[in-house]
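Novice: So that we are looking at the same thing, I have put the structure below in structure tokens.
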Amino acid sequence: MDLLLTIPEVAERLRCSEWAVRTLVMAPGGLRAAKIAGRWLIEEEDLVAYVESQANRAKPRQRRRRAL
């Protein structure tokens, strides 16, 4: 069984707010989680998979060229 993480633990790992993690959990197709005994728990494997899927979706930002 994978390590189970709470929302504050996930927020710390992602360097974001707990509210942002809750938003990810509630979003369709978002971060997989289970509510057990009133607490959201996220498997570490699911967190890694979600982060990797988002990294693959991100488009690199294009740099603007300055006029000379």
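Mapped onto numbering that gives the first Met the number 0, the consecutive letters of the sequence shown carry residue numbers 0 to 67. The C-beta atom is built at its ideal place from N, Cα and C for all residues, glycine as well. Here the structure is a predicted model, which means the values were calculated and not measured.
Do you know offhand how far residue 6's Cα is from residue 61's?
Specialist: For the purposes of this step, residue 6 is identified with residue 7 of the sequence shown, where counting begins at 1. For the purposes of this step, residue 61 is identified with residue 62 of the sequence shown, where counting begins at 1. Taking the straight line joining both Cα atoms gives about 33 angstroms.
Novice: For residue 1 versus residue 42, is the C-beta spacing smaller than 9 angstroms?
Specialist: Against the sequence shown, residue 1 aligns to sequence position 2. Against the sequence shown, residue 42 aligns to sequence position 43. Result yes, Cβ atoms of residue 1 and residue 42 sit closer than 9 angstroms.
Novice: Give the straight-line distance between the Cα atoms of residue 28 and residue 36, rounded to the nearest whole angstrom.
Specialist: In the sequence shown, counting from the first residue as 1, residue 28 sits at position 29. In the sequence shown, counting from the first residue as 1, residue 36 sits at position 37. Those two C-alpha atoms are separated by around 23 angstroms.
Novice: Please classify residue 47 as buried or exposed, where buried requires at least 16 neighbouring CB atoms within 10 angstroms.
Specialist: On the sequence shown, residue 47 is found 48 positions in, with the first residue counted as 1. With fewer than 16 other Cβ atoms within 10 Å, it is exposed.
Novice: Does residue 12 come out as helix, strand or coil in the three-state DSSP assignment?
Specialist: As a position in the sequence shown, residue 12 is number 13, starting the count at 1. In the structure shown, residue 12 sits in a helix (DSSP, three-state: H, G or I).
Novice: Where does residue 33 land, buried or exposed, given buried means 16+ other C-beta within 10 angstroms?
Specialist: Start at 1 with the first residue of the sequence shown, and residue 33 comes out as number 34. So residue 33 counts as exposed.
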